[in-house]
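Please read the structure below before turning to the comments.
Residue numbers (our numbering), protein chains in the order written: chain A, 778 to 1052; chain B, 35 to 712.
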């Protein structure tokens, strides 16, 4: 993948609500016409988020997970793609978490992690509930304006510092393009000792997407590596963790890990378990 | 002391009698000599005097150790090992996979040593540097699966669990109106890992395991009984400190190479050890059928021991240890017409389970048929047979019992019933017939609660046979426990010669261990290669890594070097760790049991069946162990083996020169001296 440069200054938040780049529609117009491009291909609830029509049906199918040791494949940054996790194929090997922790631990704390592998830096969090593994990560949820009076992500809405950003396509970290990704402004974030509203609202009502780094204790949220996620490339199991076109509000997928594990128990083992 | 890499340099010593936790900091030369895991554990058994015969295995003075090694953590195939003195009064070293080993390294410990005895049920909670002793009365008496899930949610890192902070004012008014905050705060981002015992360990069944993740076990020689004797239900670990490595870049590159090779290892990735059963029966003639009266079915169409059949019938997932791409554990939900078994959750069965609590208990034959009859059932009948194996696996796992020793015990009792050497009345009215899973269920309940005859059975196969031989006045009963060194023989027979050689079980440092290594050397007669294989296995258990992935071949030394920064570490150093463990465990077994003639009192304790009951059918019929030449085995091969190890040829006691060469005369010299002179 492209080399990621460390930046001392975080990207500025977008001034205006991001709009669809081609066709000149803003999100609300898009919602009215019910989807186009990739979104039009998706059956079911198309609930709108940053939409990039250029990510269309021509987009090549996701490739098989790269096996380490092979020649590196040139990164293809995919707009409108989403992480899809399948518990029936996941083995809970933690490779995704190691890949994520290595990338972001090194990115933010190069000195402290020069000799240490520490999964606490991972934004993706596999959790083993005895026979069932749940891979928690940020689902990229959005509130619904008609019901909840906002179209921000829930964590963004409750953040008193406006520290959780959505960086528009083409902006932000070098090499991070192809999708509007989430990013935490670490200067603004108050840190776990003072504030954990983002994590609390996420767990209570959505999933479990926010964690805190063990050094500065600032919030961590999945940025999808700007469109080319390391976790997906690290995953050794076919279909367990994919990067696939899914033009949906992430709420479509969101579920708290323990609730997800209970559901998988029922589905896989035909048994009830309260976790 | 310079900061250690790879290992953390700290072992927690928990004294349950006084309720105190102290930190042991082994010097670097001790790590260099014993590395970690099993060898380091054995070192402490000597250093702390557990080797003395006065230390009661189930008394407060015994020490139970959970150990990991320098690569445990960021390396693939992480395992943990328990080291203690077994209730059988010999060495107890047992390894297990699962995430807890990695978690312990992330918490910043190389091991946990438990001494003393709590006055009420407790568990040990490890959260990074903080080690606490907590009340466990709410999970005492609960099965392994249920208790583990309760304990998992009770231990969280400081980075987690905060009281509620969210207020309605943080949300939009519309949102707050629909779904106001519930005030639950936030919780776990990664779950704690648990080592625990079931009812078997609580009631000190001698062959009780320390379990983890429902179906993984420190599976042999009863560490669970020692844990239960200390009133310790569980060790629960959550670590956030990560794994420090000397050369992280190179180490992670090696990890990547191993994982890439594992990705192409179709054998393990397909069915795990469930893929072995078939060939063990129809090729090697080494499968346990009805307490080893047979080692194969005359009709090879017994399909319920095939990985492919099991997969078609029941596999619903696959689970890996941290960093492992082989995922050898396949969870199943038992599907059966029998409501007793239906819907139990367990795994596979893996190779030992399908043998020891499968074929060994006569589960695979149709009613009334013998293993020599044509199989007349349908594929669904086969699936029901598989369900019986899986359910019995579940019972053992959930009670926390070793199903190898457990299967040996049940198989022996069934054969004693078959031969009318005991009656149903001897088993408190339970009519234990071949293939009767309901009777097995009833008997296991008695064993784990030590109720009635269960109190005898809970002391294992050998003690049970002795009890019945005396009670019934029938010494021939001692012909039927298929145990080596008083512990159950795993599902690899030595009579046909297709799988293992008898000398392997006689010499392996943990009684009846089937994963002791050196198998090819023993089969071909190259004893030097066999010894190197055995030493290599002990070194692997000191890393602590897994013996399954051949993908580590040629990389192990580099893994140690890049983890620890010991640039002068060599293959020879690695193998010597195993040689040290062999010498020490030999002395341990001789000393704890005060053996004056080890060959007669210990080495010759092999199953009567080996030399007296030839394999009746299958691909290699008419064979007995070591071609029937027990004299050659014990009086030629064994002394040659001892000599190659630098042990005395008459008793197999490591000589003082050998101990000096290995650098372990400081802790073992005095004990060796006593036995060399005796």
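Ideal Cβ positions, reconstructed from N, Cα and C, are used throughout, including at glycine.
These numbers were taken from a predicted model, which means no experiment stands behind them.
- Residue pairing of residue 261 (chain B) in beta bridges, as defined by DSSP: absent, with no partner found.
- With a 10 Å radius around the Cβ and a threshold of 16 neighbouring Cβ atoms, residue 300 (chain B) comes out exposed.
- Inside the segment 568 to 655 of chain B, DSSP marks whole alpha helix (DSSP H) runs of 4 or more residues at positions 590 to 598, 605 to 626, 643 to 646, from first to last along the chain.
- Residue 1045 (chain A) places its beta carbon less than 9 Å from that of residue 908 (chain A).
- In this structure residue 524 (chain B) is buried. Its beta-carbon is surrounded by 16 or more other beta-carbon atoms within 10 angstroms.
- Cβ contact annotation for residue 595 (chain B) (same chain, cutoff 7 Å, sequence separation greater than five): 601, 603, in chain order.
- Between residue 963 (chain A) and residue 886 (chain A), the CB-CB gap reaches or exceeds 9 Å.
- The segment 959 to 978 of chain A makes contact with the segment 993 to 1012 of chain A; the number of CB pairs closer than 8 Å reaches 3 or more.
- Restricting attention to B:138, B:618, B:654, B:634, the CA atom closest to the CA of residue 690 (chain B) is found in B:618.
- For a Cβ distance threshold of 8 Å, residue set 293, 357, 359 of chain B lies close to residue 872 (chain A), ordered along the chain.
- Residue 229 (chain B) sits buried, since 16 or more C-beta atoms from the chains shown fall within 10 Å of its C-beta.
- For residue 538 (chain B), the CB contacts under 7 Å within the same chain, skipping 5 residues up- and downstream, are 550, 552, 553, 556 in chain order.
- Here DSSP, grouped into helix, strand and coil, assigns residue 277 (chain B) to strand.
- By the CB criterion at 9 Å, residue 190 (chain B) and residue 222 (chain B) fall inside the cutoff.
- Closest option to residue 345 (chain B), judged by alpha-carbon separation, among B:283, B:285, B:335, B:417: B:417.
- Bridge pairing for residue 858 (chain A): A:1022 [DSSP].
- Around residue 934 (chain A), the beta-carbon contacts reaching into chain B at under 9 Å are 204, 205, 206, 209.
- At least one CB of chain B lies nearer than 9 Å to the CB of residue 864 (chain A).
- Minimum Cα-Cα distance from residue 659 (chain B) among the listed residues B:426, B:119, B:239, B:326 corresponds to B:326.
- Residues of the segment 1026 to 1046 of chain A that bring their beta carbon within less than 7 Å of a beta carbon in chain B comprise 1045, 1046, in sequence order.
- In this structure, residue 239 (chain B) sits near residue 435 (chain B), with a CB-CB distance shorter than 9 Å.
- Under a criterion of Cβ atoms nearer than 8 Å, no residue of chain B is adjacent to residue 860 (chain A); the nearest Cβ is some 17 Å distant.
- Proximity of residue 909 (chain A) to chain B, defined by a Cβ-Cβ separation below 9 Å, is satisfied.
- Apart from sequence neighbours up to five positions away, the residues of its chain that approach residue 685 (chain B) with a beta-carbon distance below 6 Å are 632, ordered along the chain.
- In terms of CA proximity to residue 171 (chain B), B:266 leads the group B:106, B:266, B:528, B:303.
- Exposed is the label assigned to residue 298 (chain B), since fewer than 16 other Cβ atoms lie within 10 Å of its Cβ.
- Taking 9 Å as the cut-off, the beta carbon of residue 306 (chain B) is found closer than this to the beta carbon of residue 360 (chain B).
- The count of Cβ pairs closer than 8 Å, one atom from the segment 336 to 354 of chain B and one from the segment 402 to 421 of chain B, reaches three, so the stretches are in contact.
- By the neighbour-count definition (other C-beta atoms within 10 Å, threshold 16), residue 104 (chain B) is a buried residue.
- Counting along the chain, residue 958 (chain A) sits inside the beta strand (DSSP E) bounded by residues 958 to 961.
- Listed by position along chain B, the residues whose Cβ is nearer than 9 Å to that of residue 904 (chain A) are 222, 223, 224, 225.
- In this structure, the CA atom of residue 699 (chain B) is about 13 Å from the CA atom of residue 710 (chain B).
- For residue 303 (chain B), there is no enclosing beta strand (DSSP E); the enclosing alpha helix (DSSP H) has its first and last residue at 300 to 305.
- Distance from the Cα of residue 356 (chain B) is smallest, within the candidate group B:45, B:640, B:133, for B:133.
- Looking at the backbone, the Cα of residue 85 (chain B) and that of residue 119 (chain B) are separated by about 8 Å.
- In this structure, the beta-carbon distance from residue 72 (chain B) to residue 101 (chain B) falls below 9 Å.
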